[in-house]
């Protein structure tokens, strides 16, 4: 009833359904009824199952694809800490040699059919577990990581811009969106 009232009053609702973990059929039905995009987290895809819905080739268009979220390790941190079979499956799925695994993760979500892709800055910067934002069910040490302005180089911006353009994830004209 709440979402029906909001939709009637406001029209389209820019809501992302966090449909991770154990989700009931009722949650899926509600998400689908209102057209809310669900979430796909690439790090969750590398369990050896090619049908895993967190692998980009299995994403629907109406979803938000993430390399990882604030509750996950960074892409590099995940890769370094993953078991051998998960790492091997990851490399196989991403057609990667692992040398720039964070860029391979970024490329995979940008190339996916997901209508929205989100990449944490820690992954763009290629940082490891030291830059993890949050560890669920812990009290200390969370939300402390901060980027440094010096880390945001033109070279990095160019690479991200070019990769975004390659996968048609830039606004018309290819220029970054502004708030002006």
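In the numbering used here, the protein residues as written are 2 to 181.
Glycine is no exception: its CB is placed at the ideal position from the N, C-alpha and C atoms.
If you pair each beta-carbon of the region 108-120 with each one of the region 140-157, do three or more pairs fall below 8 Å? no
Restricting to runs no shorter than 3 residues, where is the beta strand (DSSP E) found entirely within the region 76-161? 117-119
Classify residue 171 as helix, strand or coil using the three-state DSSP reduction. coil
Report buried or exposed for residue 33, applying the criterion of at least 16 other Cβ atoms within 10 angstroms of its Cβ. exposed
Could you name the residues of the same chain whose beta carbon sits closer than 8 Å to that of residue 87, not counting the 5 residues immediately before and after it, in chain order? 47, 48, 49
Skipping 5 residues on each side, what residues in its chain have a beta carbon closer than 8 Å to that of residue 121? 67, 68, 69, 70, 71, 75, 134
Measure how close the beta-carbons of residue 4 and residue 14 come, nearest whole angstrom, since I'm counting them as under 8 Å. 7 Å
Just the Cα atoms here: how many angstroms apart are residue 45 and residue 124? 15 Å
Can you list, in chain order, the residues of its chain with a C-beta nearer than 6 Å to that of residue 17? Leave out the 5 residues immediately preceding and following it. 38, 65
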